[in-house]
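J.: Pasting in a structure now, in structure tokens, and then I'll have a few things to ask.
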């Protein structure tokens with residue numbers, strides 16, 4: 001096996017290395033394999049957080065709704081942790097590093113900061129499972145350094161129920177968005193079941209929302225049966241002319257549900273909190 005040559009390696013160094021290798025052979029240790037192991041260990045110690053975070057996300061995709069493609073699970077890390085810590089080896093990340101990354105949003109965006117901290121803990125746990133010597137208490141200790149969050153939770157204001165009929169009446173244009181909003185109000189569902197509604201889900205006066213469109217952990221959701229009123233059936237009938245590929249509201253489906261809620265900001269600044277089925 002080669003050990004290098006002049007001028008990078010002096011004769012004295014070469015003799016010392018050769019003696020070390022002969023000693024390994026005497027102990028039944030393969031010096032070539034030992035050298036490979038040292039190189040691999042050095043590479044492993046340089047495994048950076050960005051790589052481990054993506055690997056951790058990949059391993060959890062199966063349990064995330066839509067395989068996590070919407071980005072909600074990964075975005076707190078991507079926006080607030082990886083820009084600052086992504087290039088650090090996972091074995092070198094300390095509570096001080098975590099504190100410095102989360103401090104700008106700890107009180108200003110408390111909910112996001114909590115998600116970022118929780119996701120980072122999952123990533124470090126994943127790193128430990130991969131065999132890296134990480135500080136599994138780094139996040140918990142960082143929280144101690146950051147202190148209690150000074151954040152007052154403010155609920156999204158809802159539209160007074162007395163004003164809902166007038167709001168419903170204002171949705172008079174037979175457009176895809178207005179019809180989708182009408183059906184949402186009439187059924188009390190979240191936006192996803194309405195945006196992804198298909199004609200084949202509706203049988204007579206019953207709409208069966210598939211489990212995939214209900215908000216729940218993967219594997220925990222069930223199909224949800226919704227009785228349809230006369231007005232709801234009328235709205236569906238009006239919407240059928242927009243049907244495309246089986247979807248009742250094709251253009252709404254292609255946008256985020258934020259587009260539906262934008263219209264809730266109509267005159268007066270009221271925001272109708274997104275209803276949920278029960």
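Residue numbers (the UniProt record's numbering): 1 to 278.
A virtual CB, placed ideally from N, CA and C, is assigned to each residue, including glycine.
What three-state label does DSSP hand residue 236 in the structure shown?
T.: Reading the chain shown from its first residue, position 236 is the one you call residue 236. In the structure shown, residue 236 sits in a helix (DSSP, three-state: H, G or I).
J.: Whole angstroms are fine: how far does the CA of residue 50 sit from the CA of residue 88?
T.: One-based indexing of the chain shown puts residue 88 at position 88. One-based indexing of the chain shown puts residue 50 at position 50. When rounded, the distance between both Cα atoms is 8 Å.
J.: Return yes when the Cβ of residue 125 is within less than 8 Å of the Cβ of residue 93, no when it is not.
T.: To locate residue 93, count along the chain shown from 1; it is residue 93. To locate residue 125, count along the chain shown from 1; it is residue 125. No, the Cβ-Cβ distance between residue 93 and residue 125 is not below 8 Å.
J.: Using the C-alpha atoms, what's the distance from residue 216 back to residue 131?
T.: As a first step, residue 131 must be located in the chain shown, where it is residue number 131. As a first step, residue 216 must be located in the chain shown, where it is residue number 216. When rounded, the distance between both Cα atoms is 32 Å.
J.: To the nearest whole angstrom, what separates the beta carbons of residue 81 and residue 127, a pair I think is in contact under 8 Å?
T.: In the chain shown, counting from the first residue as 1, residue 81 sits at position 81. In the chain shown, counting from the first residue as 1, residue 127 sits at position 127. Contact doesn't hold; Cβ gap of about 14 Å is too wide.
J.: Going by CA-CA distance only, name the one from 47, 175, 166 and 72 that's closest to residue 115.
T.: Stepping through the chain shown from its first residue, residue 115 is reached at position 115. When each option's Cα is compared against that of residue 115, the closest is 72.
J.: What three-state label does DSSP hand residue 89 in the structure shown?
T.: The residue you call residue 89 lines up with position 89 of the chain shown. The DSSP-derived three-state label of residue 89 is strand.
J.: Considering residue 208, what are the terminal residues of the beta strand (DSSP E) in which it resides?
T.: Translated into positions along the chain shown, residue 208 becomes position 208. It spans 206-209 - the beta strand (DSSP E) in which residue 208 sits, taken as one unbroken run.
J.: Alpha carbon to alpha carbon, how far is residue 143 from residue 99? Give it in angstroms, no decimals.
T.: The residue labelled residue 99 in the question sits at position 99 within the chain shown. The residue labelled residue 143 in the question sits at position 143 within the chain shown. Whole-angstrom Cα-Cα distance: 7 Å.
J.: Could you give the DSSP three-state label for residue 202: helix, strand or coil?
T.: In the chain shown, counting from the first residue as 1, residue 202 sits at position 202. Note: residue 202 maps to strand in three-state DSSP.
J.: Applying the 10 Å Cβ sphere with the 16-neighbour rule, what's the burial state of residue 235?
T.: Taking the first residue of the chain shown as position 1, residue 235 is located at position 235. Buried is the call here.
J.: Could you tell me the boundaries of the beta strand (DSSP E) in which residue 247 lies?
T.: Stepping through the chain shown from its first residue, residue 247 is reached at position 247. No beta strand (DSSP E) contains residue 247, which DSSP labels as neither H nor E.
J.: Would you mind working out which of 228, 192, 21 and 200 sits nearest residue 65, comparing C-alpha positions?
T.: Here residue 65 corresponds to residue number 65 of the chain shown, with the count starting at 1. Nearest C-alpha to residue 65: 192.
J.: Indicate whether residue 210 and residue 200 have their beta-carbon atoms separated by less than 8 Å.
T.: By one-based count along the chain shown, residue 210 stands at place 210. By one-based count along the chain shown, residue 200 stands at place 200. Their beta carbons are not under 8 Å apart, which means residue 210 does not touch residue 200 by this criterion.
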